[in-house]
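K.L.:
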Amino acid sequence: MATMTAVKDKKTKKAPVRGMMDNVLEQFNSAADQVGLHPNIRKILAITNNEIIVNFPVKMDNGDVEIFTGYRVQHNNALGPYKGGLRYHPTVDIDAARALAMWMTWKTSLAGLPYGGGKGGIKLDPSKYSQGELERITRRFTFALADNIGPEHDIPAPDVNTSSQTMAWIADTYMSTRPPAERTANQHVVTGKPEGSGGLEGRDRATGYGVYLNIKYWAQRKNEKLKGKKFIVQGFGNVGYWAAHFLEEEGAKLVAVQDAFGSIENQKGITVEDLFNYSKANNGSIVDFPEAKSLQKENFYSTTCDICIPAALGNQITKENAGDIKATLIAEGANGPTNVEGEKILLEKGVTIIPDILCNSGGVVASYFEWLQNRNGELWQLEDVIAKLDKKMKDSFDKVYEYSESEAMDFRTAAYCIAIKRIEKAYIQRGIFP
Ligand code: NAD
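Counting the sequence shown from 1 gives a position; my numbering is that position plus 88.
1. Within its chain, find whatever has a CB closer than 8 angstroms to the CB of LYS98; leave out the 5 residues flanking it on each side and keep chain order.
2. Following a CB-centred definition, is GLY328 positioned closer than 7 angstroms to any heavy atom of the ligand NAD?
3. Identify, in the order they occur along the chain, each residue of the same chain with its Cβ nearer than 7 angstroms to the Cβ of GLY411, setting aside the five sequence neighbours on each side.
4. Pull the bridge partners of LYS171 from the DSSP assignment, please.
5. Pick from ILE395, PHE457, ALA134, ILE405: whose alpha carbon is nearest that of ALA294?
6. For the beta strand (DSSP E) containing GLY208, list its first residue and its last residue.
7. Classify ILE506 as buried or exposed, calling it buried when 16 or more other Cβ atoms lie within 10 Å of its own Cβ.
8. Compute the minimum distance between the beta carbon of PHE364 and the heavy atoms of the ligand NAD, and state whether it is under 7 angstroms.
9. Check whether the stretch 283 to 299 and the stretch 323 to 331 touch, using three or more Cβ-Cβ pairs below 8 angstroms as the test.
10. Between the stretch 252 to 268 and the stretch 185 to 192, are three or more C-beta pairs nearer than 8 angstroms?
11. Measure the C-alpha to C-alpha separation of PRO443 and ASP152 and round it to an integer number of angstroms.
12. What do you reckon, are the CB atoms on THR406 and PHE499 nearer than 8 angstroms?
13. Roughly how many angstroms separate the alpha carbons of GLY323 and GLY519, rounded to a whole number?
14. According to the Cβ coordinates, are GLY350 and VAL375 closer than 8 angstroms?
15. According to the neighbour-count rule (16 or more other Cβ atoms, all chains shown, within 10 Å of its Cβ), is LEU113 buried or exposed?
16. Is THR157 helix, strand or coil when you go by DSSP?
17. In three-state terms, what does DSSP make of TYR217?
18. What would DSSP say about PRO145, mapped onto helix, strand or coil?
19. State the CB to CB distance for the pair GLY286 and ASN462, rounded to an integer number of angstroms; the pair is presumed to be in contact (CB under 8 angstroms).
20. Looking at ALA422 and the ligand NAD, is the gap between the Cβ and the nearest heavy atom below 7 angstroms?
21. Taking the DSSP output, what are the residues bridged to PHE319?
22. Give the DSSP-derived three-state secondary structure of MET92 in the structure shown.
23. DSSP on ASN387, reduced to helix/strand/coil?
24. Kindly indicate which residue of LYS385, LYS479, PRO169 has the alpha-carbon position closest to the one of THR196.
25. Could you have a look at LEU188 and say whether DSSP puts it in helix, strand or coil?
26. Whole angstroms are fine: how far does the CA of ASP347 sit from the CA of GLY316?
27. Just to confirm my understanding: we take TYR489, look at its own chain, exclude 5 residues before and 5 after, and list those with CB closer than 7 angstroms. What are they?
28. With which residues is GLU353 paired in a DSSP beta bridge?
29. Determine which residues share a DSSP beta bridge with TYR176 and list them.
30. Quick check: is any heavy atom of the ligand NAD less than 7 angstroms from the C-beta of ASP242?
31. Using the Cβ count rule (16 or more neighbours within 10 Å means buried), how would you classify ILE155?
32. Distance, Cα to Cα, LYS304 vs SER484?
33. Using DSSP with H/G/I as helix, E/B as strand and the rest coil, what is GLY450?
34. What residue range is occupied by the uninterrupted alpha helix (DSSP H) comprising ALA259?
35. Please say whether ARG175 and ASN249 have beta carbons closer to each other than 8 angstroms?
36. Measure from the alpha carbon of ILE129 to the alpha carbon of each residue in GLY284, ALA166, GLU240, TYR203, then state which is nearest.
If you want it as structure tokens, here you go:
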């Protein structure tokens, strides 16, 4: 299906650039064909419910005022409140927000959560702003979003370049602008908060842990051991670091990493904790890590390895590099890292892809636990969180694995089919208002 998101470069007359929305719509349409989705429900799910764009002024440290553009796209809420992250990055735009919101709808549905899908963020490079400026930008964005978010309506969470600190500022601003009697009861307007402010123990590692669990369940099904397996990670932030941490604990070996600043490789192994401490002391960059040699950016995906974990941005594995990938398993920590053309090449080569909506769903599952904890005025223990997360992730993996076996389809299509059917059922039961 053609979309309006393809951008034609008039000057160079290059082929249209495929937007993220093209990718997610193509994935959706392929699964919708497979399940014979009702045409009316296909129409509803192919569009977003609400798109909020806000322009807002913020006073900078030097006294100047800068105008920022923030987005919140609410794709679908048939199964519950909109749920999904907020990203601070120069690539944030309406196309990215739409696509990421749509992925969230499939992800929450597949995980069996009472949520729909939303996503948003601000187009900016956070490295250019002080901590004080980022706080004011976040608070003013929250104020501009106003009642478009809410604990029973739309619940943001951390994503690229946002953190538990960002969520604490949002929760505080949101609560401070409620009528007095409602102020303390609205903590769960965001998840991924710090533990001292309503956050859930274990939420920080949940996405990466879920990526690791999916890889472990895949290995178990294949009767393979993770010990000694080589893996590479693109993006050494929240998701990439924690996935690497748990894989290393299982005896797998990290051999290459790429982040926004550069790429490194050591086929003898990179110690995850050492790299983490190094990057923390090096403004979040892995560049010049002494235990590894530097690698050309374009050679990262062709590094020798068994498992590849894209855990940075979307559209990273494409027809340009998919053919060079050595890994036999791609575990998608990021959202939308493999585009449709790249995926086709990988599937033809016999590479298994654990798709984003399954592989990185540990984060939203833990967010759901945090939301329940806040709603019920409880404090959950880490071991309970991990036990519940293990069960949820295993259930989802088994569902997708078995569906893909019984219908002879790849994991992504199977995951989409399960997710879409659950939403279709809700629409059929309830009908369309009025
Ligand atoms: P993060 O901000 O903590 O880390 C992002 C990492 O990616 C950093 O190491 C950064 O240097 C690197 N990076 C940025 N641009 C890059 C580029 N062009 N090339 C290579 N590396 C680059 O973000 P995160 O929370 O770890 O999110 C990573 C991905 O996982 C995103 O796609 C996000 O949507 C997805 N995700 C995150 C969560 C979560 O709970 N945080 C949940 C599900 C999915």
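Beta carbons are placed, not taken as given, at the ideal position from N, Cα and C, and that holds for glycine.
P.N.:
Let me spell this out:
1. Confidence is the limiting factor: at LYS98 the pLDDT is only 40, short of 50, which leaves the residue's position unreliable, though a coordinate-based value still follows. In the same chain as LYS98, and ignoring 5 residues on each side of it, no C-beta atom comes closer than 8 angstroms to its own.
2. It does: the Cβ of GLY328 is within 7 angstroms (strictly closer) of some heavy atom of the ligand NAD.
3. Excluding positions up to five away in sequence, the list reads ILE433.
4. Answer is ILE243.
5. It is PHE457.
6. Run containing GLY208: 205 to 210, per the beta strand (DSSP E) assignment.
7. Label assigned to ILE506: buried.
8. Answer for PHE364: no, Cβ out of range of the ligand NAD.
9. Yes, the stretch 283 to 299 is in contact with the stretch 323 to 331.
10. No, they do not touch.
11. The alpha-carbon of PRO443 is positioned some 44 angstroms away from that of ASP152.
12. In this structure, PHE499 does not lie closer than 8 angstroms to THR406 by Cβ.
13. Each residue's CA atom was taken as its position, placing GLY323 and GLY519 some 43 angstroms apart.
14. A contact, by the Cβ cut-off of 8 angstroms.
15. The C-beta of LEU113 has 16 or more other C-beta atoms within 10 Å across all chains shown, which makes the residue buried.
16. Note: THR157 maps to strand in three-state DSSP.
17. Secondary structure of TYR217 (DSSP, three-state): coil.
18. In the three-state reduction of the DSSP assignment, PRO145 falls in the strand class, which pools E and B.
19. That pair is a contact at about 5 angstroms.
20. Yes, the Cβ of ALA422 comes within 7 angstroms of a heavy atom of the ligand NAD.
21. Partner(s): LEU342, ILE395.
22. In this prediction, MET92 scores a pLDDT of 38, lower than 50, which makes its location untrustworthy; no coordinate-derived value is stated.
23. Note: ASN387 maps to helix in three-state DSSP.
24. Closest by alpha carbon: PRO169.
25. In the structure shown, LEU188 sits in a helix (DSSP, three-state: H, G or I).
26. For GLY316 and ASP347, the distance between alpha carbons rounds to 24 angstroms.
27. Only ARG309 meet the Cβ criterion.
28. As DSSP reads the structure, GLU353 sits in a beta bridge with ALA344, LYS381.
29. According to DSSP, TYR176 bridges with ILE210.
30. At a cut-off of 7 angstroms, the beta-carbon of ASP242 does not count as near the ligand NAD: no heavy atom of the ligand is closer than that.
31. With fewer than 16 neighbouring CB atoms inside 10 Å of its own CB, ILE155 falls in the exposed class.
32. Near 13 angstroms, if we compare the C-alpha coordinates of SER484 and LYS304.
33. Helix.
34. Start and end: 252 to 264.
35. Yes. Within cutoff.
36. Comparing alpha-carbon positions, the option among GLY284, ALA166, GLU240, TYR203 lying closest to ILE129 turns out to be ALA166.
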